[in-house]
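So the structure is just underneath, and the comments pick up after that.
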């Protein structure tokens, strides 16, 4: 094998290692029991093949939940400069909506209290005995 061919093989292997962990782990976490059996069989095959993936990759594949969390944390870290402004903006928007909602709730409560007070006053007027009729004027 020439040096160029070895380099391409190494590059291909590295590219595979970069995608196999997140793909395998995410798939494992969402797999049915039948699918999980097939994935474990595939993992056993990769493990038994001499140097198909290095031991570190195989160990990551055996711990899909931890490896998937590590992968996501790595993405957040890698793209923090893009994520932070979006997250900040979204939080500010949410906080503004929450404040508007609270102001509306307070306004609605005050309106309800005012209407209930007027209702009670009207009910009391209706329940009060009618004043005696005025004598006719002569």
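Residue numbers (the UniProt record's numbering): 1 to 138. Where is the CB? At the ideal position from N, CA and C, for every residue including glycine.
Report yes if the CB atom of residue i is closer than 9 Å to the CB atom of residue j, and no otherwise.
i          : j          : result
residue 64 : residue 29 : yes
residue 42 : residue 31 : no
residue 86 : residue 76 : no
residue 26 : residue 68 : yes
Could you spell out where the alpha helix (DSSP H) holding residue i opens and where it closes?
i          : result
residue 73 : 64-78
residue 33 : 33-48
Which one of the options has the shortest CA to CA distance from residue i?
i           : options         : result
residue 17  : 71, 4, 114, 66  : 71
residue 139 : 113, 74, 9, 119 : The structure shown has nothing for residue 139, since the chain only spans 1 to 138.
Taking 7 Å as the limit between beta carbons, can you name the residues of its chain near residue i, skipping five residues before and five after?
i          : result
residue 47 : 58
Contact the stretch 20-39 vs the stretch 51-69: 3+ CB pairs below 8 Å: yes
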